[in-house]
Amino acid sequence: MSQTLTLYTNPMSRGQIARWMLEEVGAPYETVLLDYGTTMKAPDYLAINPMGKVPAIVHDGRVVTECAAICAYLADAFPAANLAPPPADCHAYYRWLFFAAGPVESAVTNRALGFVLPEGRDRTAGYGTFDATMDALESAIATGPWICGDQFTAADVYVGAQIDWGLTFQSIPSRPAFERYAARLRTRPAYQRQKATDSALIAAMQKQG
Numbered sequence: 001m002s003q004t005l006t007l008y009t010n011p012m013s014r015g016q017i018a019r020w021m022l023e024e025v026g027a028p029y030e031t032v033l034l035d036y037g038t039t040m041k042a043p044d045y046l047a048i049n050p051m052g053k054v055p056a057i058v059h060d061g062r063v064v065t066e067c068a069a070i071c072a073y074l075a076d077a078f079p080a081a082n083l084a085p086p087p088a089d090c091h092a093y094y095r096w097l098f099f100a101a102g103p104v105e106s107a108v109t110n111r112a113l114g115f116v117l118p119e120g121r122d123r124t125a126g127y128g129t130f131d132a133t134m135d136a137l138e139s140a141i142a143t144g145p146w147i148c149g150d151q152f153t154a155a156d157v158y159v160g161a162q163i164d165w166g167l168t169f170q171s172i173p174s175r176p177a178f179e180r181y182a183a184r185l186r187t188r189p190a191y192q193r194q195k196a197t198d199s200a201l202i203a204a205m206q207k208q209g
């Protein structure tokens with residue numbers, strides 16, 4: 001019996017990360033496009049993700065939300081794609097996957113929203129300071145070529161999407177290590193397929209007005 005795999009997304013969202021991971025996996029999947037404020041908040045989708053946000057995937061009836069979780073789940077669900085290291089070598093994989101989902105996401109979002117920590121309260125925030133977070137993020141990819149050495153993994157999809165997006169929209173500072181890492185990511189066929197698909201969907205949405 002064939003497996004069913006469905007991506008719920010909007011092309012102008014973090015759903016691009018999930019699609020990239022799906023393209024890396026190489027398994028066939030269906031796409032359901034949702035609109036902000038309408039179908040994304042409708043009862044049918046809220047039954048899948050009570051947050052009313054995308055992306056989400058449903059794999060043979062199993063629901064997974066949150067981009068980092070989707071990346072890790074797909075790597076485990078499709079081991080033939082070789083997107084997760086063996087258990088004995090998974091320390092960097094888990095470390096930086098969750099670092100990007102926690103401190104990086106918080107630091108970048110707070111900075112973009114203009115939130116400034118009160119003087120001397122950096123210990124209160126999980127990420128400490130924005131600059132310290134960026135320094136730590138750089139250390140994850142400085143020795144390369146990938147987070148787990150020579151093996152490209154789901155951690156590179158998630159961490160890489162954060163860096164690639166951040167450089168594009170200037171929410172992450174341009175540093176030589178970040179630029180080199182992003183350049184390597186952009187040569188991957190799966191990345192290019194995802195960008196082509198979502199860019200075409202965005203163009204169609206904008207044309208419809």
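Numbering (full-length UniProt numbering), first residue to last: 1 to 209.
Even for Gly, the Cβ is constructed at its ideal location relative to N, Cα and C.
Because the structure is a prediction, the values reported are computed rather than measured.
From the options, residue whose alpha carbon lies closest to that of residue i
i           : options                : result
residue 211 : T31, A69, V25          : This structure cannot speak to residue 211, because the chain is shown only from 1 to 209.
Q206        : T6, Y8, M12, L7        : M12
M134        : P86, I163, R19         : I163
L7          : E66, G37, D156         : E66
M21         : P176, I141, A72        : A72
V159        : Q170, S174, L185, P176 : L185
S171        : Y191, Y94, D131        : D131
F152        : N49, A84, R95, I17     : A84
A161        : V104, G26, N110        : V104
F169        : Q208, G149, A112       : A112
A154        : I57, W96, D198         : W96
N110        : F98, Y94, T129, Y93    : T129
C-alpha gap between residue i and residue j, whole angstroms
i           : j    : result
A42         : V54  : 13 angstroms
A203        : A100 : 29 angstroms
G15         : P28  : 16 angstroms
T4          : P189 : 23 angstroms
F115        : L137 : 20 angstroms
residue 211 : G52  : Past the edges of the chain, shown from 1 to 209, lies residue 211, and the structure says nothing about it.
W165        : D60  : 30 angstroms
P145        : E24  : 17 angstroms
M1          : P79  : Residue placement at M1 is poorly supported in this model, since its pLDDT is 45, which falls under 50; the coordinates still yield a value, given next. Their Cα atoms are separated by approximately 18 angstroms.
I147        : E119 : 33 angstroms
N82         : D76  : 9 angstroms
P86         : G102 : 23 angstroms
H91         : I70  : 19 angstroms
L74         : P50  : 21 angstroms
6 angstroms CB neighbourhood of residue i in its chain, flanking five on each side removed
i    : result
K195 : none
D156 : W146, I147
D150 : none
Residues near residue i in its chain [Cβ-Cβ closer than 8 angstroms; skip 5 each side]
i    : result
T187 : none
R193 : E23
N10  : L33, L34, D35, Y36, M40, V54
Neighbourhood of residue i by C-beta distance below 7 angstroms, restricted to the same chain and skipping five residues each side
i    : result
A177 : E138, I141, A142
- Task: For the UniProt domain "GST N-terminal" (2-82), list the alpha helix (DSSP H) runs that are entirely contained and at least 4 residues long, ordered along the chain.
- Result: Look at the UniProt domain "GST N-terminal" (2-82) and you find these whole runs of alpha helix (DSSP H), each 4 residues long or longer: 15-25, 43-46, 67-77.
- Whole alpha helix (DSSP H) elements within the segment 102-180, 4-residue minimum: 105-112, 130-141, 154-169
- For the segment 180-195 and the segment 123-135, state whether three or more C-beta atom pairs, one from each stretch, are separated by less than 8 angstroms. no
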